[in-house]
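K.L.:
Those sequence lines, one after another, are chains A and B. Numbering of the first sequence is given in this note's numbering, commencing with residue 1 and proceeding in unit increments. Numbering of the second sequence is given in this note's numbering, commencing with residue 135 and proceeding in unit increments. From the three backbone atoms N, C-alpha and C, an ideal C-beta is built for every residue, glycine too. Dumping the structure here so I can ask a few things about it.
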Amino acid sequence: MFGVLDTSTSALVAQRVRLETIAANLANANSIYDAQGNYSPYRRRVPVFAPGDPTTGNASGVHVARILIDDSPLRPVYEPGHPHADANGYVYYPNIDPTMEQINALEASRAYEANIVAAEATKSMIQASLRLLA
Amino acid sequence: MPALERLVQFTTARHRLLTHNIANLSTPYFKPVDLDPKSFQAAMREAIDKRRKRPAPLSGPLEIRSTRQLRFEPNGLQVKPSPRNENILFHDQNNRDLERLMQDLAENTMAHNAGIQMLASEFDMLKLAIRERI
């Protein structure tokens, strides 16, 4: 029964990683330079989940299998005077849509809450079972 | 008492699956699985009826037949869960149904805790009989 809590914890960790990725996407919605200061617009990161928990070796649970980089087209903004504008006067900004990120954040936080409820249910079941012994 | 023991075994196994389903709410291609409480209840009803028809209905083991999903063995319960298949397939190829999952989780937790409470009162009665004192 104690192993069941690992299942919910693995999901909490995975959803937290998802929320962190979304936060990074939102924070970098206008970042056009990389860490070295070169012109390289930030690309959206997408976490992908897979069943199973490699941390505990359990088949039940979930983990972040990969964090993919979204190759969809960058967002062109017409800024002719910009030092990084192309021949047509467009500067390319990250392919991040804040609305979509917010919706994903909502979904992640709801999934996080659902797993908290599942962990609470597990705790109450463990407590009830332990009360038989004491 | 053996019937309550089987109930607790079943609800524990089902809880394990439900938390796994909730953990994988956002996992692409994940198909939720479950154990059918109705088939468990039908098998229990048969076993209890059969036991009641014996000359000494209060003693001896409770012989519960195996179902498609459940096999009660001396060392525990072996399960073979089936897909839930009750909701539309989302774009990520996951047919989750969060509301129904949470409902099943709540029902299963309550059934488990009720079983534990009844077991506890049976143990109390045993203790009382051993002590021969109220």
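Once DSSP output is grouped into helix, strand and coil, what is the label at Phe49(A)?
P.N.:
Here residue 49(A) is taken as the residue at index 49 of the first sequence, counted from 1. Here Phe49(A) sits in strand by DSSP.
K.L.:
Express the C-alpha separation of Ala87(A) and Thr151(B) in angstroms, rounding to a whole number.
P.N.:
Locating residue 151(B) in the second sequence gives position 17, counting from the first residue. Locating residue 87(A) in the first sequence gives position 87, counting from the first residue. What sits at residue 151(B) in the sequence shown is Leu, not Thr. Answer to the nearest angstrom: the Cα atoms are 58 Å apart.
K.L.:
Please report the distance separating the alpha-carbon of Val167(B) from that of Arg45(A).
P.N.:
Residue numbering aside, residue 167(B) sits at position 33 when the second sequence is read from its first letter. Residue numbering aside, residue 45(A) sits at position 45 when the first sequence is read from its first letter. Near 30 Å, if we compare the C-alpha coordinates of Arg45(A) and Val167(B).
K.L.:
Who pairs with Phe144(B) in a beta bridge, going by DSSP?
P.N.:
Residue 144(B) sits at position 10 when you count from the first residue of the second sequence. According to DSSP, Phe144(B) bridges with nothing at all.
K.L.:
Pick out whichever of Ser60(A), Arg66(A), Ile96(A) has its Cα sitting closest to the Cα of Leu74(A).
P.N.:
As a working mapping, residue 74(A) is identified with position 74 in the first sequence. Leu74(A) has its Cα closest to that of Ile96(A), out of Ser60(A), Arg66(A), Ile96(A).
K.L.:
Cα-Cα, which of Tyr42(A), Leu132(A), Ala50(A), Ile126(A) is closest to Ala27(A)?
P.N.:
Along the first sequence, read from residue 1 onward, the residue named residue 27(A) stands at position 27. Checked all of Tyr42(A), Leu132(A), Ala50(A), Ile126(A); the closest Cα to Ala27(A) is Tyr42(A).
K.L.:
List the whole-angstrom C-beta distance separating Ile156(B) from Ala177(B), where the pair is believed to meet the contact cut-off of C-beta under 8 Å.
P.N.:
Walking along the second sequence from the start, residue 156(B) turns up at place 22. Walking along the second sequence from the start, residue 177(B) turns up at place 43. Between Ala177(B) and Ile156(B) the Cβ distance is about 26 Å, and since that is not below 8 Å, they are no contact.
K.L.:
Between the stretch 101-112 of chain A and the stretch 11-27 of chain A, do at least 3 Cβ pairs fall closer than 8 Å?
P.N.:
Yes, the stretch 101-112 of chain A touches the stretch 11-27 of chain A.
K.L.:
Report, in whole angstroms, the separation of the C-beta atoms of Ile6(A) and Gly81(A), which I expect to be a contact under 8 Å.
P.N.:
Taking the first residue of the first sequence as position 1, residue 6(A) is located at position 6. Taking the first residue of the first sequence as position 1, residue 81(A) is located at position 81. With the sequence shown as reference, residue 6(A) is identified as Asp, and Ile is not the correct amino acid for it. Wrong, their Cβ atoms sit about 56 Å apart, outside the cutoff.
K.L.:
Since I believe Leu159(B) is in contact with Leu232(B) (beta carbons under 8 Å), could you give me their beta-carbon distance rounded to a whole number of angstroms?
P.N.:
Within the second sequence, residue 232(B) is the residue found at index 98, counting from 1. Within the second sequence, residue 159(B) is the residue found at index 25, counting from 1. With 8 Å as the limit, Leu232(B) and Leu159(B) qualify as a contact, their Cβ atoms being about 6 Å apart.
K.L.:
Output yes if chain A places a C-beta closer than 7 Å to the C-beta of His154(B); else output no.
P.N.:
Residue 154(B) sits at position 20 when you count from the first residue of the second sequence. So yes, His154(B) belongs to the interface.
K.L.:
So with Cβ pairs under 7 Å, would you call Leu204(B) a contact of chain A?
P.N.:
Sequence index remark: in the second sequence, residue 204(B) carries index 70 (1-based). Taking Cβ atoms only, chain A never reaches closer than 7 Å to Leu204(B), which makes this a no.
K.L.:
By the criterion of Cβ-Cβ separation under 7 Å, what are the contact partners of Pro51(A) in chain B?
P.N.:
Taking the first residue of the first sequence as 1, we reach residue 51(A) at position 51. Here the neighbours are Asn158, Thr161, Phe164.
K.L.:
Please report the straight-line C-alpha distance between Pro51(A) and Val64(A), rounded to a whole angstrom.
P.N.:
What you label residue 51(A) is simply residue 51 of the first sequence in a count that begins at 1. What you label residue 64(A) is simply residue 64 of the first sequence in a count that begins at 1. So the alpha carbons of these two residues sit roughly 9 Å apart.
K.L.:
Assign Asp34(A) to one of three DSSP states: helix, strand, or coil.
P.N.:
Your numbering for residue 34(A) matches position 34 in the first sequence. The answer is coil: DSSP assigns Asp34(A) none of H, G, I, E or B.
K.L.:
Specify, as a first and last residue, the run of the beta strand (DSSP E) that Leu211(B) falls within.
P.N.:
Taking the first residue of the second sequence as position 1, residue 211(B) is located at position 77. Counting along the chain, the beta strand (DSSP E) containing Leu211(B) begins and ends at 210-213.
K.L.:
Report all residues from its chain with a CB closer than 7 Å to the CB of Ala118(A); omit the five preceding and five following residues, and keep chain order.
P.N.:
Translated into the one-based positions of the first sequence, residue 118(A) becomes position 118. Hits under 7 Å: Ser8.
K.L.:
Could you tell me whether the Cβ atoms of Ala254(B) and Leu132(A) are closer together than 7 Å?
P.N.:
Numbered from 1 along the second sequence, position 120 holds the residue referred to as residue 254(B). Numbered from 1 along the first sequence, position 132 holds the residue referred to as residue 132(A). In this structure, Leu132(A) lies closer than 7 Å to Ala254(B) by Cβ.
K.L.:
What in chain A is Cβ-close to Asn247(B), meaning under 8 Å?
P.N.:
For the purposes of this step, residue 247(B) is identified with residue 113 of the second sequence, where counting begins at 1. Ordered by position in chain A, the residues that pass the 8 Å Cβ test against Asn247(B) are Ser124, Met125, Ala128.
K.L.:
Taking the straight line between their C-alpha atoms, what separation do you get for Ile22(A) and Glu107(A)?
P.N.:
What you label residue 22(A) is simply residue 22 of the first sequence in a count that begins at 1. What you label residue 107(A) is simply residue 107 of the first sequence in a count that begins at 1. One C-alpha to the other measures close to 11 Å.
K.L.:
Scan the stretch 111-122 of chain A for residues whose Cβ lies nearer than 7 Å to a Cβ of chain B and list them as they occur along the chain.
P.N.:
Within the stretch 111-122 of chain A, the residues whose Cβ lies closer than 7 Å to some Cβ of chain B are Ala111, Ala114, Asn115, Val117, Ala118, Ala121, Thr122, listed in chain order.
K.L.:
Please list, in chain order, the residues of the stretch 216-228 of chain B that have any C-beta partner in chain A closer than 9 Å.
P.N.:
Result list empty, no residue passes.
K.L.:
Exposed or buried, what is Leu169(B) when buried is set at 16 or more other beta-carbons lying within 10 Å of its beta-carbon?
P.N.:
Indexing the second sequence from 1 puts residue 169(B) at position 35. The residue is buried, with at least 16 neighbouring Cβ atoms inside 10 Å.
K.L.:
Within a Cβ cutoff of 7 Å, which residues of the same chain sit near Ala298(B), ignoring the five residues on either side of it in sequence?
P.N.:
Within the shown structure, residues of chain B are numbered from 135 to 268, placing residue 298(B) beyond reach of any answer.
K.L.:
Determine the DSSP secondary structure at Asn228(B), reduced to helix, strand or coil.
P.N.:
As a position in the second sequence, residue 228(B) is number 94, starting the count at 1. Reduced to three states, the DSSP call for Asn228(B) is coil.
K.L.:
Identify the contact partners of Thr146(B) in chain A, using a Cβ-Cβ distance below 9 Å as the criterion.
P.N.:
On the second sequence, position 12 is the one that residue 146(B) refers to. Correct list: Met1, Val4, Met125, Ser129.
K.L.:
Grouping DSSP H, G and I as helix and E and B as strand, with all else coil, what is Tyr42(A)?
P.N.:
Residue numbering aside, residue 42(A) sits at position 42 when the first sequence is read from its first letter. Coil.
K.L.:
In whole angstroms, give me the CA-to-CA distance for Phe144(B) and Gln102(A).
P.N.:
Taking the first residue of the second sequence as position 1, residue 144(B) is located at position 10. Taking the first residue of the first sequence as position 1, residue 102(A) is located at position 102. The alpha-carbon atoms of Phe144(B) and Gln102(A) are separated by roughly 40 Å.
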